[in-house]
Amino acid sequence: METSTLDRPAKTLDELKKNIPWTESPFFESDLQKAALSPEMEQLVRDYAENGYVVFDPGVPLATIDAARAALEPKFAAQTETRLQDAWKFEPHVKEIATAPHVLEVLQTLYRRGPIPFQTLNFNVGTQQKTHSDMIHFSSVPQRFMCGVWVA
6 METSTLDRPA KTLDELKKNI PWTESPFFES DLQKAALSPE MEQLVRDYAE
56 NGYVVFDPGV PLATIDAARA ALEPKFAAQT ETRLQDAWKF EPHVKEIATA
106 PHVLEVLQTL YRRGPIPFQT LNFNVGTQQK THSDMIHFSS VPQRFMCGVW
156 VA
C-alpha cells in the first residue's frame with residue numbers, strides 16, 4: 006500500500022511547495038517574481054508574508070452589508086448571545102459577503118489554492134477580544150492553510 010503524502014515528508018520541490026503556504030517558503034522571493042501579479046496584489050502578498058495579515062477593501066457594496074445587518078437584527082433581538090454562527094446558510098446577503106469575489110481572489114493568491122469558505126460568525130457588537138489563536142478549533146491538512154476574514 007502506498008503511503009499518503011500527508012504521512013511522509015515532502016520528497017520533491019513540488020511536494021514541498023504544496024505543503025506550506027508560498028509566503029513561508031524559502032523560495033518565496035523567486036516565486037513572487039515569477040507570479041506576474043499586479044503591483045497592488047504583490048504588495049498584499051508581501052504584507053501578508055511580513056505581517057501575517059492584510060487589510061484591504063473587500064469590494065462588497067455597502068448596501069449588501071446594510072441588508073445583511075437589517076436581516077440579522079431580528080435574530081439578535083430574539084437571543085441573548087452577541088454572535089450568530091453560520092448565518093450564510095439562511096441569509097443570502099451574508100453568503101454574498103462571505104463569498105465576495107475580491108476576497109476569494111486575494112485568498113487564492115495568498116494561499117495558491119482555492120479557498121473553501123465554510124463558516125460565518127456575525128456579531129451585533131464588537132467583542133474586542135485579546136490576541137488569541139483559534140488553532141484548537143480550526144486547523145487544516147496540510148497545516149497553516151486556515152485563515153479568518155473579518156469585515157468591519
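FYI, the numbering for the sequence shown is 6 to 157, going by this note's numbering.
All C-beta atoms, glycine included, are put in the ideal place defined by N, C-alpha and C.
Since this is a predicted model, take the numbers as computed values, not measurements.
Item: Glutamine 90, enclosing beta strand (DSSP E) - first and last residue; Value: 88 to 90
Item: Neighbourhood of histidine 107 by C-beta distance below 7 Å, restricted to the same chain and skipping five residues each side; Value: Pro63 and Gly64
Item: Extent of the continuous beta strand (DSSP E) run through leucine 126; Value: 126 to 128
Item: For aspartate 52, the first and last residue of its enclosing alpha helix (DSSP H); Value: 44 to 56
Item: Rounded distance between the beta-carbons of glutamate 96 and alanine 68, thought under 8 Å; Value: In fact, because the Cβ distance is near 15 Å, the residues do not count as touching under 8 Å.
Item: Start and end residues, alpha helix (DSSP H) containing threonine 69; Value: 67 to 82
Item: Where the alpha helix (DSSP H) containing proline 106 begins and where it ends; Value: 106 to 116
Item: Lysine 22 versus leucine 126 - alpha carbon distance; Value: 31 Å
Item: Cβ-heavy atom distance, threonine 114 to the ligand NAD, below 7 Å; Value: This structure simply doesn't include the ligand NAD, nor any ligand for that matter.
Item: Touch test, the region 46 to 58 against the region 111 to 118, Cβ-Cβ under 8 Å, three pairs minimum; Value: yes
Item: Inter-stretch contact (C-beta, 8 Å, three-pair minimum) for the region 117 to 137 and the region 70 to 89; Value: yes
Item: Residue environment, tryptophan 155, which counts as buried when at least 16 other CB atoms sit within 10 Å; Value: exposed
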